[in-house]
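Enquirer:
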Amino acid sequence: MALYVSIVSHEHTDDILDGLQPHRLRAAGIQVVIKDNRPDTRLKAYCAHHNIQYLTNGDDQGFGHNHNDNYTYCRSQLGLKPDDWFIVLNPDVRVAPETLLDMVATMRSRQIRLAAPNLFKDTDHRIYEGSIRVFPYPWDFITSFLLKSRRTTVDRKAITEPTSVDWASGAFLAFRADLFERLGGFDERYFLYCEDIDICWRALHLEGEATYYLPDIKATHDGRRDSRKAANLYLLWHVTSAVRFSWVRMRTWLQGSKALVRAPF
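The sequence shown begins at 8 in this note's numbering and counts up one residue at a time.
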């Protein structure tokens, strides 16, 4: 049983070097693969020095595409096996190696194949990140953006035991490798938004695997909500992804699981 951590950088070198510091994960025996969407010589040198796998793109790819590439690399080049663990981490997450090991130990003992931690906005772990949610309807995307509605956000304060939830933020998701493989990874038709909602939806409806929230596994996420700045490109990606997932949800209701994407690697 081995752990593989997948990180994607979109000009996040400072976050990775100063915050996440994945060399600490390597020191604990965890394999780390970083996909650099905007190649940076500092990040490349850091990875070479700490025996971290460093991959680059010829052009920009989306969140799901990059993590799928990292998974494929882990399987073909690093020996990832079906009973190993594939952990998706944003570069702006702060987590201790021991936390990852504890997370996988909990998942193994409870036979969980997809899980998320208790994410906070601050290092004191007092301000909850809105990372655990219920599946959204089309109007939830609209009210969230225009009215700052939090209807889909789960209040986690009273949850003290591992609990099944609808979906969790892709900033930090842990998969047993065989589940990620059977799902075909992330749906690459999304770009940057809603890949996490979609893969949790498909895990539930294709494999009968719920996403679990693990309250004792804590980490910090310094999330940046670029789409809320109404930048045209981010807004377009967000709207396009919201429409796509809304269509997926409707098709599942009409046709069942046969409407869902399953494209094994």
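All C-beta atoms, glycine included, are put in the ideal place defined by N, C-alpha and C.
Which word fits His19, buried or exposed, when buried means at least 16 other C-beta atoms lie within 10 angstroms of its C-beta?
Expert: By one-based count along the sequence shown, residue 19 stands at place 12. By the neighbour-count rule (16 or more Cβ atoms within 10 Å), His19 is buried.
Enquirer: With DSSP as the reference, label Ala237 as helix, strand or coil.
Expert: Translated into positions along the sequence shown, residue 237 becomes position 230. In this prediction, Ala237 has a pLDDT of 44, which is less than 50 and means its spatial position is unreliable; nothing more can be read from the coordinates.
Enquirer: Apart from the five residues just before and just after Arg4, which ones in its own chain have a Cβ nearer than 8 Å to its Cβ?
Expert: Given a span of 8 to 272 for the chain in the structure shown, any question on residue 4 remains unanswerable.
Enquirer: How would you write the range of the beta strand (DSSP E) that His228 sits in, first residue to last?
Expert: Translated into positions along the sequence shown, residue 228 becomes position 221. First-last of the beta strand (DSSP E) with His228: Thr218 to His228.
Enquirer: Put Pro46 into one of helix, strand or coil per three-state DSSP.
Expert: Start at 1 with the first residue of the sequence shown, and residue 46 comes out as number 39. Of the three classes helix, strand and coil, the one that applies to Pro46 here is coil, per DSSP.
Enquirer: Could you name the residues of the same chain whose beta carbon sits closer than 6 Å to that of Ala266, not counting the 5 residues immediately before and after it, in chain order?
Expert: Walking along the sequence shown from the start, residue 266 turns up at place 259. These residues qualify, in order along the chain: Arg258 and Thr259.
Enquirer: Is it right to say Leu211 is buried, meaning 16 or more other beta carbons lie within 10 angstroms of its own, or is it exposed?
Expert: Translated into positions along the sequence shown, residue 211 becomes position 204. Classification of Leu211: buried, given that the 10 Å Cβ count is 16 or more.
Enquirer: I need the straight-line Cα distance from Ser234 to Ile224, nearest angstrom please.
Expert: Here residue 234 is taken as the residue at index 227 of the sequence shown, counted from 1. Here residue 224 is taken as the residue at index 217 of the sequence shown, counted from 1. In this predicted model, Ser234 has a pLDDT of only 42, less than 50, meaning its place in the structure is not dependable enough to derive any value.
Enquirer: Short check: CB of Glu168 to CB of Pro89, under 8 Å?
Expert: Here the question's residue 168 lines up with position 161 in the sequence shown. Here the question's residue 89 lines up with position 82 in the sequence shown. It is not a contact, given that the beta carbons lie outside the stated cut-off.
Enquirer: Within the chosen definition, does the region 48-59 reach the region 101-117 through at least 3 CB pairs nearer than 8 Å?
Expert: Contact between the region 48-59 and the region 101-117 is absent, because fewer than three Cβ pairs lie under 8 Å.
Enquirer: Give the DSSP-derived three-state secondary structure of Leu32 in the structure shown.
Expert: Numbered from its first residue, the sequence shown carries residue 32 at position 25. Residue state, collapsed to three classes: helix.
Enquirer: Between Ser171 and the rest of its own chain, which residues show a CB-CB distance below 6 Å, the 5 nearest in sequence each way excluded?
Expert: Position 164 of the sequence shown, counted from the start, is the residue given in the question as residue 171. Ala217 and Tyr219.
Enquirer: Let me check understanding here. Comparing Cα to Cα, which of Leu186, Ile149, Tyr197 and Ala123 lies closest to Gly177?
Expert: The sequence position of residue 177 within the sequence shown is 170, counting from 1. Among Leu186, Ile149, Tyr197 and Ala123, the Cα nearest to that of Gly177 is on Ala123.
Enquirer: I need the boundaries of the beta strand (DSSP E) containing Pro124, first residue and last residue.
Expert: Residue numbering aside, residue 124 sits at position 117 when the sequence shown is read from its first letter. Its beta strand (DSSP E) spans residues Leu121 to Phe127.
Enquirer: Relative to the alpha-carbon of Ile14, which residue among Phe179, Asp185 and Thr247 has its alpha-carbon at the smallest distance?
Expert: Here residue 14 corresponds to residue number 7 of the sequence shown, with the count starting at 1. Comparing Cα-Cα distances from Ile14 to each of Phe179, Asp185 and Thr247, the minimum goes to Phe179.
Enquirer: Does the beta-carbon of Thr227 have 16 or more other beta-carbons within 10 angstroms, so that it is buried, or is it exposed?
Expert: One-based indexing of the sequence shown puts residue 227 at position 220. Thr227 is buried by the Cβ-count criterion.
Enquirer: Exposed or buried, what is Thr79 when buried is set at 16 or more other beta-carbons lying within 10 Å of its beta-carbon?
Expert: Along the sequence shown, read from residue 1 onward, the residue named residue 79 stands at position 72. Exposed is the call here.
Enquirer: Could you tell me which residues DSSP puts in a beta bridge with Trp174?
Expert: Position 167 of the sequence shown, counting from 1, holds the residue named residue 174. In DSSP, Trp174 forms a bridge with Arg140.
Enquirer: Expressed to the nearest angstrom, what Euclidean distance is found between the alpha-carbon atoms of His57 and Ile41?
Expert: The count along the sequence shown starts at 1 and reaches residue 57 at position 50. The count along the sequence shown starts at 1 and reaches residue 41 at position 34. Distance between the alpha carbons of His57 and Ile41: 12 Å.
Enquirer: Is it buried or exposed, Trp92, if we count other Cβ atoms within 10 angstroms and call 16 or more buried?
Expert: For the purposes of this step, residue 92 is taken as the residue at position 85 of the sequence shown. Buried: at least 16 other Cβ atoms inside 10 Å.
Enquirer: Looking at Asp99 and Phe142, is the spacing between their C-beta atoms short of 8 Å?
Expert: Translated into positions along the sequence shown, residue 142 becomes position 135. Translated into positions along the sequence shown, residue 99 becomes position 92. Taking 8 Å as the Cβ cut-off, Phe142 and Asp99 do not qualify as a contacting pair.
Enquirer: According to DSSP, what are the bridge partners of Ile204?
Expert: What you label residue 204 is simply residue 197 of the sequence shown in a count that begins at 1. Ile204 pairs with nothing; no bridge assigned.
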